[in-house]
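In order, the protein sequence lines correspond to chains A and B.
End of the first sequence sits at 67 in the numbering used here; the numbers just go up one at a time, nothing left out.
End of the second sequence sits at 560 in the numbering used here; the numbers just go up one at a time, nothing left out.
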Amino acid sequence: MQSKIVLRTLATLAVLLPFIVFQGAPALAPAWLAAKLFGVPATAWLGVVGFAAFVSLIWIFAREAKS
Amino acid sequence: MIPGSILYFLGTVALTLGITVWAAGRNTGRAAFYAASSKIGGFQNGLAITGDFLSAGAVLGLVGLYSVAGADVLLFFMAPMAGFCLLYVLVVGPLRRMGRFTLGDVVGSRLPGRGVRLVLGFCSVTTSLINLVAQLLGAGGLISIVFGLPFNLSVSVVGALMTTYVVFGGMLAATWVQIVKAVLLVSAILYLSLLGIVKAGGLASLYGTAESMLARGPSAFSFGALHMDMYSAVSLAVGVIFGIMGLPHLLIRFFTVPDESTARRSLVIATTLMGLIMGAIFFVISPATVAFLTNAPDIRTNSGSFIGGSNMVTLHLARVLGGDVLLGVMGAIAFSTILAGVAGLTVAVSSSTSHDIVAALRGKGLSEKTELLVFRIAAFTVSAAAVGLAILFQRENIAFLIVAGFAVAASTTGPLLLLSIYWPKLTAEGAIAAGIVGLVASVGLIIASPVFWTKILGFSTPLYPSEYPGLISVPLAFATAWIVSTLTRPTTS
Numbered sequence: 001m002q003s004k005i006v007l008r009t010l011a012t013l014a015v016l017l018p019f020i021v022f023q024g025a026p027a028l029a030p031a032w033l034a035a036k037l038f039g040v041p042a043t044a045w046l047g048v049v050g051f052a053a054f055v056s057l058i059w060i061f062a063r064e065a066k067s
Numbered sequence: 068m069i070p071g072s073i074l075y076f077l078g079t080v081a082l083t084l085g086i087t088v089w090a091a092g093r094n095t096g097r098a099a100f101y102a103a104s105s106k107i108g109g110f111q112n113g114l115a116i117t118g119d120f121l122s123a124g125a126v127l128g129l130v131g132l133y134s135v136a137g138a139d140v141l142l143f144f145m146a147p148m149a150g151f152c153l154l155y156v157l158v159v160g161p162l163r164r165m166g167r168f169t170l171g172d173v174v175g176s177r178l179p180g181r182g183v184r185l186v187l188g189f190c191s192v193t194t195s196l197i198n199l200v201a202q203l204l205g206a207g208g209l210i211s212i213v214f215g216l217p218f219n220l221s222v223s224v225v226g227a228l229m230t231t232y233v234v235f236g237g238m239l240a241a242t243w244v245q246i247v248k249a250v251l252l253v254s255a256i257l258y259l260s261l262l263g264i265v266k267a268g269g270l271a272s273l274y275g276t277a278e279s280m281l282a283r284g285p286s287a288f289s290f291g292a293l294h295m296d297m298y299s300a301v302s303l304a305v306g307v308i309f310g311i312m313g314l315p316h317l318l319i320r321f322f323t324v325p326d327e328s329t330a331r332r333s334l335v336i337a338t339t340l341m342g343l344i345m346g347a348i349f350f351v352i353s354p355a356t357v358a359f360l361t362n363a364p365d366i367r368t369n370s371g372s373f374i375g376g377s378n379m380v381t382l383h384l385a386r387v388l389g390g391d392v393l394l395g396v397m398g399a400i401a402f403s404t405i406l407a408g409v410a411g412l413t414v415a416v417s418s419s420t421s422h423d424i425v426a427a428l429r430g431k432g433l434s435e436k437t438e439l440l441v442f443r444i445a446a447f448t449v450s451a452a453a454v455g456l457a458i459l460f461q462r463e464n465i466a467f468l469i470v471a472g473f474a475v476a477a478s479t480t481g482p483l484l485l486l487s488i489y490w491p492k493l494t495a496e497g498a499i500a501a502g503i504v505g506l507v508a509s510v511g512l513i514i515a516s517p518v519f520w521t522k523i524l525g526f527s528t529p530l531y532p533s534e535y536p537g538l539i540s541v542p543l544a545f546a547t548a549w550i551v552s553t554l555t556r557p558t559t560s
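Structure representation (C-alpha cells):
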C-alpha cells in the first residue's frame, strides 16, 4: 500500500514538473511550444493536456482503489 | 447601477436565504450544524468542493492575471490540480476515517490533549480568516461596481448575509448554497466560453485576435511574462499543494458525507469538474478577455486600467459578449460565488473556535447546547471581525491575500495533518511546535515579501525576495515537528 502511495505521489509530481520548470526557467521550454496547432498556440494545448492528465490520474487512482 | 442587475442580485439573495430557512428547519444538533449530519451525497459534495475552490480568486483573479501576463499563468492553474490529486492519494481517506467535525478531531484522535487542539484550532482560524477577508474584498468590489454602493456598506451587507446563513443554517445551508452556486457557475463559464468562440468565429480566430491585440504578439502565449524565477515557481507549487491539503473550509467538506468511499468519490467528481472549468477559463475565457477587451470602450478608467481592477475582467467580458443582461447574470453568479464561499469559511472558523479552541481552553468538552451557542457567537464575532478587517485592508490585492491564506495552511494545518496520519513518532509537543513555527514563519515571510514590505509598508527593499514563502515555511514546519518529536517522549503507542 505504501509503495502505491509513493508511486501515485511521484506520478502526480511528474505531471506537474514541466509546468514548474517552464514557469521558473522559460529558457528551458522546448522550441515547439512557440508553434501553433490548428491556429492555437502550443502553450494553450499544453494546458489542455495538463488538465486532461490530472483528471485522468485521479480517475485511475479511483479505479485502482475500487479493484 | 447596471439595468436589471438589482433583480438578479435580489433573486440570488432570496434563493440563498430560502435555502437557509429550509436548512434551519432540519438542523437539530451539533452534527447537523458542523457537518450537515454527514448526509450529503458524493455528487453533491463534489459540486460543493468545486464551488469552494472556484471562488472569487480562481474565477475572477486568475482571468485578471491572464489579462496581464498571458499564458505564463499556467502553473497557477496546474498546481491546484496536482494538489487535488495528492489530496486524494494522501489525505482524504484517513481524514474521513479519523475526523468527525473539524481538523482538530483528526489530529486529536492521534494526539490527545488540549495543546494540539488549541494550536490546530488557532491555525485553522487564521487561515480561514485571511481567506474570508479576501472574499469580502471581492464582494465589496463587485457590489460597488454593479450598484455603485460604498465599499464599507457593500462589505457589511455581505457580512450580515453570511452570518445569517451560518447562524441559522449551519453547514447544511452553506453546502446547498455552495451546490446551487457551483451549478450556476459551471453553466455560466461553459456558456461564456461557447459565446466567446462563436463571436470570434472559431478558436483560431480567437487566438489570432488576441495576438494582434497584445503588444507582445505571439510571445503572449509563451512562458516568461511574469519573470518568475525557479525558486518562486517551486515555492508557489509547494505552497499550493500543501495548502490544498490543509485548507480547513475545503477539508471539512469531507465530514459532510457518510463514509470514506463517498468522500473519495466526491473528490474525483470535484477534480473532474475543476479540470473542465479551469480548462475552459484557461483555454477560452482568458484569451477571450484579451481578444475582446483590449480595445473595448467604456470599460477602462482614465489611467487605462480596467474599471474595478483586473479582478473584474470576467464581468467586463460578459458585458462585451452578451450585453447588460449577461453582465447582470454573471455579476449575480459571481456574487453567489462569494456568498457561498464566505458561508463555508465562516462555518470553518466557527466550528474550529467552538469545537477546538474554546473546548481546549476550558479543558473539557462542552455540552452540545453550549457548543452550538459558542458556534453561533463565534459566527457573529468572526463575521464582524472579517468585515472590519476587509474595510481596513480594502485597498489590498485579493490574489495576494489568497496566496497568503494558502501559505499559512501549507505551513500549519497541512503538515500537521500529514504527519499525524503518516508518522507514528509525531508527539504532541512536536505537533504544537510545528504549528507555531509554521504559522510564525509563513506570516513573517508574507510580511517580509515584496508585496507587503515594499508596496504596503513602503520600505525600499523586501526582506524576503519572493512572494511565495512555501519553500521555507513548509520544510521548516516539518523539520520542527521531526526535531521536537525526536527530543520528546511519544505520547501514543
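For each residue, glycine too, the CB sits at the ideal point set by N, CA and C.
Note that the structure is predicted; figures quoted are calculated from it, not measured.
Can you pull the chain B residues whose beta carbon is under 7 Å from the beta carbon of tryptophan 59 of chain A, in chain order?
Val335
Taking Cβ to Cβ, would you say alanine 146 of chain B is nearer than 8 Å to alanine 304 of chain B?
yes
Chain A contact for methionine 145 of chain B (CB, 8 Å cutoff)
yes
Does any residue of chain A have a CB that is nearer than 8 Å to the CB of aspartate 365 of chain B?
no
If I follow the unbroken alpha helix (DSSP H) through tryptophan 243 of chain B, where does it start and stop?
237–267
Quick check on DSSP: helix, strand or coil for valine 81 of chain A?
Any question about residue 81 of chain A goes unanswered here, given that chain A covers just 1 to 67.
Would valine 244 of chain B and alanine 477 of chain B be called neighbours here (beta carbons separated by less than 8 Å)?
no
Short CB-CB distance (under 8 Å) between alanine 31 of chain A and chain B:
no
Quick check on the burial criterion: 16 or more other C-beta atoms within 10 angstroms. Buried or exposed for leucine 10 of chain A?
exposed
Assumed close pair isoleucine 469 of chain B, glycine 128 of chain B - CB separation to whole angstroms, cut-off 8 Å:
7 Å
Indicate the three-state DSSP secondary structure (helix, strand or coil) for arginine 367 of chain B in the structure shown.
strand
Does any CB atom of chain A fall closer than 8 Å to the CB of serine 533 of chain B?
no
In the DSSP assignment, find the alpha helix (DSSP H) that holds threonine 361 of chain B and state where it starts and stops.
Where threonine 361 of chain B is concerned, there is no enclosing alpha helix (DSSP H), given that its DSSP letter is neither H nor E.
Exposure of threonine 368 of chain B, with buried meaning 16 or more beta-carbon neighbours within 10 Å
exposed
Every unbroken alpha helix (DSSP H) within the region 456–509 of chain B, with a cutoff of 4 residues, ordered by chain
465–478, 480–489
List, from N- to C-terminal side, the alpha helix (DSSP H) runs of 4 residues or more that fit wholly inside the region 422–458 of chain B.
426–429
Say whether chain B places a C-beta atom closer than 8 Å to the C-beta of leucine 16 of chain A.
yes
Once DSSP output is grouped into helix, strand and coil, what is the label at proline 179 of chain B?
coil
DSSP state of leucine 281 of chain B, grouped into three classes?
coil
Taking 7 Å as the line, does the beta carbon of serine 195 of chain B fall inside it for any heavy atom of the ligand GDP?
As far as ligands go, the structure on display features none, and thus does not contain the ligand GDP.
Length of the line joining the Cα atoms of aspartate 326 of chain B and arginine 163 of chain B
7 Å
Check whether the Cβ atoms of valine 159 of chain B and arginine 332 of chain B sit closer than 8 Å, and answer yes or no.
no
Given a cut-off of 8 Å, decide if alanine 385 of chain B and threonine 276 of chain B are closer than it, judged by their beta-carbon atoms.
no
How should serine 434 of chain B be labelled, buried or exposed, when 16 other C-beta atoms within 10 angstroms of its C-beta is the threshold for buried?
exposed
Please confirm if valine 48 of chain A has its CB atom under 8 Å from at least one CB of chain B.
yes
Where leucine 37 of chain A falls: helix, strand or coil (DSSP):
strand
Could you spell out where the alpha helix (DSSP H) holding glycine 398 of chain B opens and where it closes?
380–418
So the candidates are B:Ser509, B:Thr87, B:Leu440; which of them puts its Cα closest to the Cα of glycine 247 of chain B?
Correcting the residue identity first, residue 247 of chain B is valine in this sequence and not glycine. Selected option, being the one with the closest Cα: B:Thr87.
Using three-state DSSP, classify phenylalanine 151 of chain B as helix, strand or coil.
helix
Could you spell out the range, first to last residue, of the alpha helix (DSSP H) harbouring alanine 136 of chain B?
129–136
Does any residue of chain A bring its CB to less than 8 Å from the CB of phenylalanine 562 of chain B?
For residue 562 of chain B there is no data in the structure shown, the boundaries of chain B being 68 and 560.
Determine contact between the region 433–450 of chain B and the region 214–222 of chain B, defined as no fewer than three beta-carbon pairs at a distance below 8 Å.
no
In the DSSP assignment, the alpha helix (DSSP H) including leucine 293 of chain B goes from what residue to what residue?
Counting along the chain, leucine 293 of chain B falls outside any alpha helix (DSSP H), and DSSP gives it neither H nor E.
In whole angstroms, what is the alpha-carbon distance linking leucine 262 of chain B and leucine 388 of chain B?
7 Å
Tell me which same chain residues have a C-beta within less than 6 Å of the C-beta of threonine 479 of chain B, skipping the five on either side of it?
Cys190, Gly502, Gly505, Leu506
Secondary structure of phenylalanine 526 of chain B, DSSP reduced to three states:
coil
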